[in-house]
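There are 2 protein chains.
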Amino acid sequence: MQMPKPRITDVAQVAGVSTATVSRALTQPDRLSEKTRQRVFDAIRTTGYRVNRAARNLRTQRAGAVLVLVPNLGNPFFSLILSSINDVFAANGYSVLVFDSQQPSAPDQVVSDYLFNGSADGVITLDGHMSATMGETLKNADLLRNVVFCCEWSDKLLLPSIRSDNPLGARLAVDHLVALGHRKIAHVTGPSDNILARVRRSVFEDRCAHHGLSIAPDWIIPGDFTLSCGARAAERLIALADRPTAVFCASDEIALSLISRAQQAGLRVPEDLSVVGFDDIEIAGHVSPALTTIRQDRALLGRMAAEELLGRLQSDPSPHAVPISFAPVELITRSTTAPPPGR
Amino acid sequence: MQMPKPRITDVAQVAGVSTATVSRALTQPDRLSEKTRQRVFDAIRTTGYRVNRAARNLRTQRAGAVLVLVPNLGNPFFSLILSSINDVFAANGYSVLVFDSQQPSAPDQVVSDYLFNGSADGVITLDGHMSATMGETLKNADLLRNVVFCCEWSDKLLLPSIRSDNPLGARLAVDHLVALGHRKIAHVTGPSDNILARVRRSVFEDRCAHHGLSIAPDWIIPGDFTLSCGARAAERLIALADRPTAVFCASDEIALSLISRAQQAGLRVPEDLSVVGFDDIEIAGHVSPALTTIRQDRALLGRMAAEELLGRLQSDPSPHAVPISFAPVELITRSTTAPPPGR
DNA sequence: GTTTGAAATGTAATCGATTACACAGTGCGG
DNA sequence: CCGCACTGTGTAATCGATTACATTTCAAAC
Numbered sequence: 008m009q010m011p012k013p014r015i016t017d018v019a020q021v022a023g024v025s026t027a028t029v030s031r032a033l034t035q036p037d038r039l040s041e042k043t044r045q046r047v048f049d050a051i052r053t054t055g056y057r058v059n060r061a062a063r064n065l066r067t068q069r070a071g072a073v074l075v076l077v078p079n080l081g082n083p084f085f086s087l088i089l090s091s092i093n094d095v096f097a098a099n100g101y102s103v104l105v106f107d108s109q110q111p112s113a114p115d116q117v118v119s120d121y122l123f124n125g126s127a128d129g130v131i132t133l134d135g136h137m138s139a140t141m142g143e144t145l146k147n148a149d150l151l152r153n154v155v156f157c158c159e160w161s162d163k164l165l166l167p168s169i170r171s172d173n174p175l176g177a178r179l180a181v182d183h184l185v186a187l188g189h190r191k192i193a194h195v196t197g198p199s200d201n202i203l204a205r206v207r208r209s210v211f212e213d214r215c216a217h218h219g220l221s222i223a224p225d226w227i228i229p230g231d232f233t234l235s236c237g238a239r240a241a242e243r244l245i246a247l248a249d250r251p252t253a254v255f256c257a258s259d260e261i262a263l264s265l266i267s268r269a270q271q272a273g274l275r276v277p278e279d280l281s282v283v284g285f286d287d288i289e290i291a292g293h294v295s296p297a298l299t300t301i302r303q304d305r306a307l308l309g310r311m312a313a314e315e316l317l318g319r320l321q322s323d324p325s326p327h328a329v330p331i332s333f334a335p336v337e338l339i340t341r342s343t344t345a346p347p348p349g350r
Numbered sequence: 008m009q010m011p012k013p014r015i016t017d018v019a020q021v022a023g024v025s026t027a028t029v030s031r032a033l034t035q036p037d038r039l040s041e042k043t044r045q046r047v048f049d050a051i052r053t054t055g056y057r058v059n060r061a062a063r064n065l066r067t068q069r070a071g072a073v074l075v076l077v078p079n080l081g082n083p084f085f086s087l088i089l090s091s092i093n094d095v096f097a098a099n100g101y102s103v104l105v106f107d108s109q110q111p112s113a114p115d116q117v118v119s120d121y122l123f124n125g126s127a128d129g130v131i132t133l134d135g136h137m138s139a140t141m142g143e144t145l146k147n148a149d150l151l152r153n154v155v156f157c158c159e160w161s162d163k164l165l166l167p168s169i170r171s172d173n174p175l176g177a178r179l180a181v182d183h184l185v186a187l188g189h190r191k192i193a194h195v196t197g198p199s200d201n202i203l204a205r206v207r208r209s210v211f212e213d214r215c216a217h218h219g220l221s222i223a224p225d226w227i228i229p230g231d232f233t234l235s236c237g238a239r240a241a242e243r244l245i246a247l248a249d250r251p252t253a254v255f256c257a258s259d260e261i262a263l264s265l266i267s268r269a270q271q272a273g274l275r276v277p278e279d280l281s282v283v284g285f286d287d288i289e290i291a292g293h294v295s296p297a298l299t300t301i302r303q304d305r306a307l308l309g310r311m312a313a314e315e316l317l318g319r320l321q322s323d324p325s326p327h328a329v330p331i332s333f334a335p336v337e338l339i340t341r342s343t344t345a346p347p348p349g350r
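Protein chains in written order, with our numbering: chain A, 8 to 350; chain B, 8 to 350.
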């Protein structure tokens, strides 16, 4: 009852041609005469033939797949990026492999595994943790040009990188609060080993200094981008004797849960406390009060990264340029920011 | 400067054994003597050898990868499931391919592509849309046993399915509202072609009937699980002459944006309007008021589905059982539900 | 010291495509 | 009518592993 899968020779037989011709019909149809091309396609249809991917990959030494390394797949910030990466590659005949880099195995390990054993032709990593030694290893195998960073990146390893203009984002946030009249601004950071968290924090500090604002040590609250750290930050903020009138949060999730906890403690947002987030995740506009935040164009980030990698996979010559592209960010003013109390 | 990738023959040469022995060292190490096994592993280390996946796949007729079909990758509800699926397969040496089934190509098409051309050994689909004819096609190739549904499922196609106990969830929601004293309950549905939406709606109706509540046609508001439809639903609700005192929403995202819009219109939640969601996405507990909802254990769903598929891929005999497993759901009572006004 | 069976290893066929190279057919200019 | 360039197609080598089958090694039993 169960037919064996048709192979290329079966198609060739049915069409009355050689396997080479069938193969050419599939990969370079214009090299065949109209007549045989039709015959082959008919035969493919009647046999129900599908190219065996493993055989093709072995012969052509390509995988037809790319790996996306995602730190925390459960985070909605990443999943939209993944989605647009998927769109680009699907449209170009590539499969997309995902790997959650929070897994025990280090990102380094995963990237080299997939690249070296030929499971993937290239890698987009949303995780900036990659060591310089891994870079060396990849370079020696001439695989370095098949890796691009998206969103995060590493200072230790120069690779093409698509990222939001984080400095601008942080500046917009601070300037917005200052323009409203705030002089005491707090900051909830991301994880200290995260490049985005470091950039946002350092620009926050610089920009405060630029405006002549001093920052009490208590006002910089270490966090990790998550909801739960936002709630904790709110508690610390509330307990402060000299309480800031505004907070710049390193992520929307921090901001949202911080607001929620602050409200539960009787603080009004934005009347008593202004809050600015970062990312503009979808829900930010659908809570009340709606979150003022810095928009990152996640779909664009994913698309740009995918197209950069695609270009590298398809262009044979090895252009040794290492482009860094900045996706625009934008201040989205909603309802969680207002002038400080008593103005 | 650039060494060619070492192949199995290179390892064999270095170790002074045949390729068969090297291969066995990799796949069935206990069939080798301690001494040669060590020699082979040493040689692997010194050469930096990695198994070529395409070659292995071609020879063994397996892909070592599974496909996860996700309707809307950007939706955080799915991405956490994806994450736990990824964990299970990563731990068992499988790669995970993802595909967003919102892509132009129909789910059917994608599944058959990946399975037939040997890109994937199995499929977990979070998308319940699959035709009976596709089922036939797969059955004919004996590939049907390598597909499992997770979360969603199809009535037209009997396949192993891991799902939350949706009827219980809807019942818990309605009963909770009724217990608080509500007699006029609205429902915002998911897309009408979605199996989950249909089940939740029909249980909602049944359960209201069971409690002797009548439902005005206006009180069933068609939605699509998204944030924006929640806002629209709020507007319709507010405009109603005979307004319900409670709403059961088919998803948390609907509930959250509905609440937000209702609050903007001056309605108090839960005093004027009680709201119950469905899913218990992470943010549900981190907004104010915190959302009362039906918890689905997404990590468990993903894990169960992954383990079911894994079992099927690893067990040769074809057990023709088609298990349907229900993951438990739970009412999480938070702060968006209260007795109706005037009680 | 054989015999014998199990354990360890080797030889070579095989998976299913792609593609270098060879060859046949066709049309054109001289 | 021949040679030449070009187009279209076929033959067979090849990608890099796995594994059926053959062969060697070895220890225990006689």
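From the three backbone atoms N, C-alpha and C, an ideal C-beta is built for every residue, glycine too.
Within chain A, partners of residue i - CB distance below 7 Å
i	result
residue 48 of chain B	Near residue 48 of chain B there are no residues of chain A at all, since even the closest Cβ is about 17 Å away, more than 7 Å.
residue 64 of chain B	61
residue 3 of chain B	Nothing in the structure corresponds to residue 3 of chain B, since chain B is present only between 8 and 350.
residue 267 of chain B	293, 294 and 295
Partner residues on chain B for residue i, Cβ-Cβ distance less than 7 Å
i	result
residue 289 of chain A	234
residue 83 of chain A	83 and 86
residue 271 of chain A	295
Closer than 8 Å at the beta carbon, the chain B residues around residue i
i	result
residue 94 of chain A	107 and 110
residue 80 of chain A	86, 87, 89, 90 and 93
Beta-carbon neighbours of residue i, restricted to chain B and to distances below 9 Å
i	result
residue 126 of chain A	60, 61, 71, 72 and 102
residue 217 of chain A	Within 9 Å Cβ-Cβ: nothing; residue 217 of chain A doesn't reach chain B, min ~33 Å.
residue 57 of chain A	119, 120, 123, 124 and 125
Assumed close pair residue i, residue j - CB separation to whole angstroms, cut-off 8 Å
i	j	result
residue 259 of chain A	residue 284 of chain A	4 Å
residue 187 of chain B	residue 72 of chain B	No, residue 187 of chain B and residue 72 of chain B are not in contact; Cβ-Cβ is about 49 Å, not under 8 Å.
residue 189 of chain B	residue 257 of chain B	Residue 189 of chain B to residue 257 of chain B, Cβ: 17 Å. No contact.
residue 3 of chain B	residue 156 of chain B	Here chain B comprises residues numbered 8 to 350, so residue 3 of chain B is not present and cannot be evaluated.
residue 153 of chain B	residue 317 of chain B	The pair is not a contact, with the Cβ atoms about 11 Å apart (cut-off 8 Å).
residue 179 of chain A	residue 338 of chain A	4 Å
residue 102 of chain B	residue 104 of chain A	5 Å
residue 249 of chain B	residue 223 of chain B	7 Å
Chain A contact residues for residue i, given Cβ-Cβ distances below 9 Å
i	result
residue 238 of chain B	293
Limits of the unbroken beta strand (DSSP E) element including residue i
i	result
residue 300 of chain B	300-303
residue 132 of chain B	129-132
residue 195 of chain B	192-195
residue 255 of chain A	253-256
residue 285 of chain A	281-286
Residue i at chain B interface by Cβ criterion, 8 Å
i	result
residue 285 of chain A	no
residue 5 of chain A	Given a span of 8 to 350 for chain A in the structure shown, any question on residue 5 of chain A remains unanswerable.
residue 35 of chain A	no
residue 175 of chain A	no
residue 97 of chain A	yes
residue 123 of chain A	yes
CB contact check: residue i to chain A, cutoff 8 Å
i	result
residue 52 of chain B	no
residue 211 of chain B	no
residue 263 of chain B	yes
Where the alpha helix (DSSP H) containing residue i begins and where it ends
i	result
residue 337 of chain A	Counting along the chain, residue 337 of chain A falls outside any alpha helix (DSSP H), though it belongs to the beta strand (DSSP E) covering 336-339.
residue 209 of chain B	202-217
residue 33 of chain B	26-34
residue 117 of chain A	114-123
residue 225 of chain A	That residue, residue 225 of chain A, is in no alpha helix (DSSP H); it is neither H nor E in DSSP.
residue 271 of chain B	259-271
residue 234 of chain A	234-246
Worksheet entry | 3 or more residues per run - each beta strand (DSSP E) lying fully within the segment 131-193 of chain B | 154-157 and 168-171
Discussion item. If we require 4 or more residues per run, which alpha helix (DSSP H) segments fall completely within the segment 47-105 of chain A?
Written reply: Uninterrupted alpha helix (DSSP H) stretches at least 4 residues long and entirely within the segment 47-105 of chain A occur at 60-67 and 83-98, given in chain order.
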